[in-house]
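Chemist: Numbering (the working numbering), first residue to last: 2 to 86.
#1: Report all residues from its chain with a CB closer than 6 Å to the CB of residue 32; omit the five preceding and five following residues, and keep chain order.
#2: What are the boundary residues of the alpha helix (DSSP H) that includes residue 49?
#3: So residue 22 and residue 79 are supposed to be a Cβ contact under 8 Å. How far apart are they, rounded?
#4: On the CB-based measure, 16 or more other CB atoms within 10 Å of its CB, does residue 81 come out buried or exposed?
#5: What's the C-alpha gap between residue 55 and residue 44?
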């Protein structure tokens, strides 16, 4: 959980110094993959029987889903950036 929860920020830093558009998109995809992994981990924590999920869990889950949406849109926008309408 710690790894998948912190890697998106580290990989986003890598994306900011990408050497090309394709490198940037690739690194954003890595961020997205880590965010999705975190989302799944949070859902597992929420559904684990015998333990009370932390009060903060719903807001963390919502923030994770919002970040997923942001990065999906960023990837779509970056891919379209080089194409003419």
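Ideal Cβ placement from N, Cα and C applies to all residues, glycine included. All values derive from a computational prediction rather than experimental measurement.
Modeler: Working from what's here:
#1: For residue 32, the CB contacts under 6 Å within the same chain, skipping 5 residues up- and downstream, are 9, 12, 13 and 72 in chain order.
#2: Note, residue 49: premise wrong, no alpha helix (DSSP H); not H, not E.
#3: At roughly 6 Å, the Cβ-Cβ gap stays under 8 Å, so residue 22 and residue 79 are in contact.
#4: With fewer than 16 Cβ atoms within 10 Å of its Cβ, residue 81 is classed as exposed.
#5: Rounded to the nearest angstrom, the two C-alpha atoms are 12 Å apart.
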